[in-house]
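Residue numbers (this note's numbering): 20 to 555.
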Amino acid sequence: MNLKKNLPLVFLFLFAVGLRATGLKLGLPSETGGLTTLHPDESVTFFSLERMKPAELDFYPGDVALTWGTLHLYTVGAILKTLDIAGVIKIGGRESLKGSLGEVDKMYLSARWLSVVFGALAVVALYFVGSLFLSGRAAMAAALLLAVSQAPVMASYLVKTDSMMLFFALVSVYFSLKLLREPSTRNYALAGLFLGLAFVTKYSAALVAFFPFAAHFYHAYKARSPLFNIKKLLVFALSGLGAFLVCNPYFILRTRDEVNAMFFNFSKGKMGGDVFSLYVSYFSTVLPAAFGWSMVPFGLAGVARWLKGGVSEKTLIAAYCVLFLVWAGATSGTYVLYALPLAPFLFLAAGDLAASLLGRRWGKLLVVAVFAQVLSYTLYLKYHYVSDYTIKTADAWIRENLPEGATVAIAKNDTWTPFVVRRHAGSFKVIEGAASQAPLMEAVVELGKIYAKADYVVLSECEYNFTRSMPEKYPAEAAAIEKIFAGTREVKRFSRGLPRYVLPFQYKYAYGSQPPLELQVNFMNPDILVLKVDKK
């Protein structure tokens, strides 16, 4: 590699690392006072590692982690064990770690850094994918969008599988697009190998299997032979399957459990419901929340440009984007990070469109405006993380203002619970509707039964908005919430929602039990209410 020629890419990689690493220490266990952080998904990895018994060669990941794939989990485990042997961290049992939260912080930070590195490597991978068929300027623009847009950045500073999956998926796409030009055994093997690694990291990577299969069948169609390169296709399948089985031997040892977990994961992509409303909500809330509102029309315009013409890298990517949008837009339960398999390909089209517009004055202004909005949206949310967030400000207010000896009622101890209440550390008594592991709906119903025994109730919008938005779907929960509001008065409200110019369309719980899109990207700032119970 010519370092001077690729110096801009090196700087972009370092910038991507820095942006993702900003605020990496926020919400760690030493701050929350427990073994979990402010995002509910992060602890899953560590609880899965906790249940393993290396002395008995039992590395089964558990049902929850299994639905995400195993490579990320085992990689985190290997890193933590290496750091333990090196004396950097001290791994212990749950009770000992509760007294050494600084060690737990180090575990989370180690795993978060893994996400940071793979998230930044995905930026580099996208540049090389784009360089196969785009100008250097267009490829760099696409990589820049992946470096700065919200969903990829968010996935890269949490202990989640997404950034690792995205990197391996893009490497697979790189060799798949090379396969479109040169159907060599090497390209088949490497496309399959990295697709297998992506799939065993997170099962949603199965979506990018579109590219190697599309490339293969294009050559088969040109050759007018359904058996064209059948041996090479077998090499592709075996290399992918080999990577999957090496990283997940339990597919053989516990086949039924594995298959059930996969089908459970795939069931999340079920289409149905009021399809028109789902599409409207998807394009007006999900995609803007994931990438910034200006990127949606700009990226879709780029995709539309690529739909015309013969079979090429551009038409394959455009076809993938259209198929993804037709499917994802009609799913009844979605999440901001579920848009990640679309992100790099939307950005490739947007980068190509941007490069074509830079020769015109108005085009330069448009490109600068779009890219600036995407970056400012991400930075705005980052500011919400590094400054005082509602969970933290509510915690400070409760410490200072609730009277000594008061009783506080909560639905359950969860990631959004103010710290002093979460760890029962104040000079007041805490009663809970249900245990922390209980379903949220059950905890809300039980809170409605016990709240009158308390002096105060602390509620998060995670606990009351979904019931008020859909009372017909959750009648018992809605009745419990209305009962609580009828028997209390508001003492203090903590709110730090996103203004309309940041996220124009904000629908509360448009996707059933999933948190609203605003709260998914702004998860550290749920509305929190402190209510005083009326004593009659």
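Just so it is clear, CB atoms sit at the ideal spot from N, CA and C, and this is done for glycine as well.
The three-state secondary structure of arginine 512, taken from DSSP, is strand. A contact is defined here as three or more CB-CB pairs under 8 Å, and the region 166–178 meets this definition with respect to the region 309–321.
Collapsing the DSSP output to three states places valine 178 in coil. The region 246–265 makes no contact with the region 384–391; the number of CB pairs closer than 8 Å stays below 3.
DSSP assignment within the region 137–201 yields no whole beta strand (DSSP E) run of 3 residues or more. In the displayed model, isoleucine 271 falls within a helix according to three-state DSSP. In the DSSP assignment, leucine 28 falls outside any beta strand (DSSP E) and lies within the alpha helix (DSSP H) extending over 26–40.
Under the Cβ criterion (8 Å, minimum of three pairs), the region 511–525 does not count as touching the region 483–498. Note that the C-beta distance between alanine 74 and serine 134 is not below 8 Å.
Under the 10 Å beta carbon count, valine 265 is surrounded by fewer than 16 other beta carbons and is classified as exposed. Assignment of aspartate 407 by DSSP, reduced to helix, strand and coil, places it in the coil class. Per the coordinates, the alpha-carbon of arginine 200 lies some 17 Å from the alpha-carbon of alanine 228. Check the Cα spacing between leucine 361 and each of Ala415, Asp553 and Val345: the tightest is with Val345.
When the Cα atoms are used, glutamate 496 and alanine 462 turn out to be separated by approximately 9 Å.
By the Cβ test, the region 96–111 is not in contact with the region 34–41, since fewer than three Cβ pairs between them sit closer than 8 Å. Residue range 362–376 is occupied by the alpha helix (DSSP H) that includes leucine 365, with no beta strand (DSSP E) assigned at that position. When secondary structure is reduced to three states using DSSP, tyrosine 475 falls in the strand class.
Within the same chain, and ignoring the five residues on either side of phenylalanine 364 in sequence, the residues whose Cβ sits closer than 7 Å to its Cβ are Ile336, Tyr339 and Cys340. Between phenylalanine 187 and leucine 216, the C-beta gap is smaller than 8 Å, which places the two residues in contact. Isoleucine 271 counts as exposed, since fewer than 16 other C-beta atoms from the protein chains shown sit within 10 angstroms of its C-beta.
The Cβ atoms of lysine 472 and arginine 508 lie no closer than 8 Å to each other. Looking only at Ala413, Ile450 and Ser406, the smallest Cα-Cα distance to glycine 424 is reached by Ile450.
Pro48 is the residue among Tyr222, Leu394, Phe317 and Pro48 whose C-alpha sits nearest the C-alpha of glycine 118. Approximately 14 Å separates the beta-carbon atoms of leucine 356 and threonine 220; this is outside 8 Å, ruling out the contact.
Here leucine 548 carries a strand assignment [DSSP, helix/strand/coil]. Beyond the five residues adjoining it in sequence on each side, alanine 358 comes within less than 8 Å, by CB distance, of Ala170, Val305, Leu306, Ala309, Phe310 and Ala347 in the same chain, given in chain order. Here lysine 23 carries a coil assignment [DSSP, helix/strand/coil].
Rounded to whole angstroms, the gap between the alpha carbons of valine 142 and aspartate 553 is 55 Å.
Glutamate 61: member of the alpha helix (DSSP H) spanning 61–70, first to last residue. Residue burial annotation: aspartate 371 is buried, with at least 16 other C-beta atoms found within 10 angstroms of its C-beta. Look at the beta carbons and you see the region 474–484 not touching the region 91–98: under three pairs across the two are nearer than 8 Å.
For glycine 42 and isoleucine 547, the gap between their C-alpha atoms comes out near 22 Å. With respect to the 8 Å criterion, serine 67 and proline 80 are classified as neighbours on the basis of their beta carbons. In its chain, beyond the 5 residues on either side, Val167 have a beta carbon closer than 6 Å to the beta carbon of leucine 394.
Distance from the CA of asparagine 420 to the CA of leucine 517, rounded to the nearest whole angstrom, comes to 27 Å. The alpha carbon of tyrosine 93 has as its nearest neighbour, out of Ser455, Leu164, Val178 and Ala161, the alpha carbon of Val178.
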